[in-house]
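Peer 1:
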Amino acid sequence: RLREEIIVPTLRGLKADGIDYRGTLYVGIMVTSTGPRVVEFNVRFGDPECQVLMPMLETDPIEIMETIAAGTFKSSSVKLRAGSTIIVVLAAGGYPGEIRKGDVIEFPKDLPAGVDIVHSGTQKLADGRVVTSGGRVLGVVAHGATLQEAVKKAYSVVPKIRFEGCHYRRDIGYRQLKRDSAL
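This is the structure:
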């Protein structure tokens with residue numbers, strides 16, 4: 047539905063306007079009771095969407111972008127890792143409104159294999175401490191052989207990251223797991 051109602055008409059519109067667009071087109075979509083609605087278009091990857099996409103790529107992303115720019119891209123040349131990757135974003139107190147800044151962040155000593163912490167709204171102080179400096183503070187990116195494994199890994203790390211006012215969604219991946227279990 048998204049493809050037919052939003053993506054295809056957008057690409058046709060660009061072409062009709064004489065725009066030979068080559069590159070990333072990020073479409074921010076909100077699903078409403080009357081269907082999907084476009085919130086924004088960007089000519090860049092979305093954040094945190096890119097943070098969860100990049101670990102899935104086996105193909106060099108620069109190579110992909112170069113072939114797109116040259117007009118020689120073939121989707122069959124993109125190789126993805128097997129499995130699933132998720133991201134759980136940890137937000138600062140007050141986000142999405144007036145956010146807290148300067149809160150010291152405590153990190154776990156070790157991370158399970160397949161888990162990375164991506165910094166977004168952080169700042170490293172001269173004394174080595176890391177503090178909050180933006181709304182979306184960190185992302186816990188977890189890869190697993192299955193979605194269930196990725197979810198389990200991410201949520202095993204998230205509560206071990208501590209800072210004042212920290213909050214995060216506790217349902218990432220669960221809707222899809224529920225859909226999968228209904229099959």
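Residue 58 in my numbering sits at position 12 of the sequence shown; the count goes up by one each step and never skips. All C-beta atoms in this analysis are idealised placements derived from N, C-alpha and C, irrespective of residue type, glycine included.
Beta carbon of R182, beta carbon of G167: below 7 Å?
Peer 2: Here residue 182 is taken as the residue at index 136 of the sequence shown, counted from 1. Here residue 167 is taken as the residue at index 121 of the sequence shown, counted from 1. It is a contact, given that the beta carbons lie within the stated cut-off.
Peer 1: Please name the residue or residues paired with M76 in a DSSP beta bridge.
Peer 2: Along the sequence shown, read from residue 1 onward, the residue named residue 76 stands at position 30. For M76, which the question treats as bridged, DSSP gives the partners R83.
Peer 1: Of the residues R208, K120, D226, which one's Cα is nearest the Cα of F153?
Peer 2: Taking the first residue of the sequence shown as 1, we reach residue 153 at position 107. Ranking R208, K120, D226 by Cα distance to F153 puts R208 first.
Peer 1: Whole angstroms are fine: how far does the CA of V54 sit from the CA of R68?
Peer 2: Looking up residue 68 in the sequence shown gives position 22. Looking up residue 54 in the sequence shown gives position 8. About 15 Å.
Peer 1: As a quick exercise: from S130, K147, G140, A138, pick the residue whose alpha carbon is nearest that of Q222.
Peer 2: Here residue 222 refers to the residue found at position 176 of the sequence shown. When only C-alpha atoms are compared, the closest one is S130.
Peer 1: Just reading off the beta strand (DSSP E) that V10 is part of, what are its end residues?
Peer 2: The structure shown does not extend to residue 10, since the chain spans only 47 to 229, so no value can be given for it.
Peer 1: So which of I151, I114, P101 has the shortest CA-CA distance to G174?
Peer 2: As a first step, residue 174 must be located in the sequence shown, where it is residue number 128. Of the listed residues, the one whose Cα sits closest to G174 is I151.
Peer 1: Would you say I218 lies against chain B (beta-carbon separation less than 7 Å)?
Peer 2: Looking for chain B here will not work: only one protein chain is present.
Peer 1: Does DSSP put R49 in a helix, a strand or coil?
Peer 2: For the purposes of this step, residue 49 is taken as the residue at position 3 of the sequence shown. Correct three-state label for R49: helix.
Peer 1: In angstroms, rounded to a whole number, what distance separates the CA positions of G148 and H165?
Peer 2: Here residue 148 refers to the residue found at position 102 of the sequence shown. Here residue 165 refers to the residue found at position 119 of the sequence shown. Rounded to whole angstroms, G148 to H165 spans 15 Å at the Cα level.
Peer 1: Would V186 and V134 be called neighbours here (beta carbons separated by less than 7 Å)?
Peer 2: In the sequence shown, the residue the question calls residue 186 occupies position 140. In the sequence shown, the residue the question calls residue 134 occupies position 88. In contact: V186 and V134 (Cβ atoms closer than 7 Å).
Peer 1: For L57, I'd like the list of residues in its chain whose CB is within less than 6 Å of its CB, leaving aside the five on either flank, ordered along the chain.
Peer 2: Within the sequence shown, residue 57 is the residue found at index 11, counting from 1. Nothing listed; no residue qualifies.
Peer 1: Relative to the C-alpha of E109, which residue among P101, F119, M102 is closest?
Peer 2: Residue mapping note: residue 109 aligns to position 63 of the sequence shown, counting from 1. Closest by alpha carbon: F119.
Peer 1: What are the complete beta strand (DSSP E) segments, minimum 3 residues, inside the region 144-209?
Peer 2: Taking only runs of at least 3 residues, the beta strand (DSSP E) segments lying wholly in the region 144-209 are 161-165, 168-170, 176-178, 182-190.
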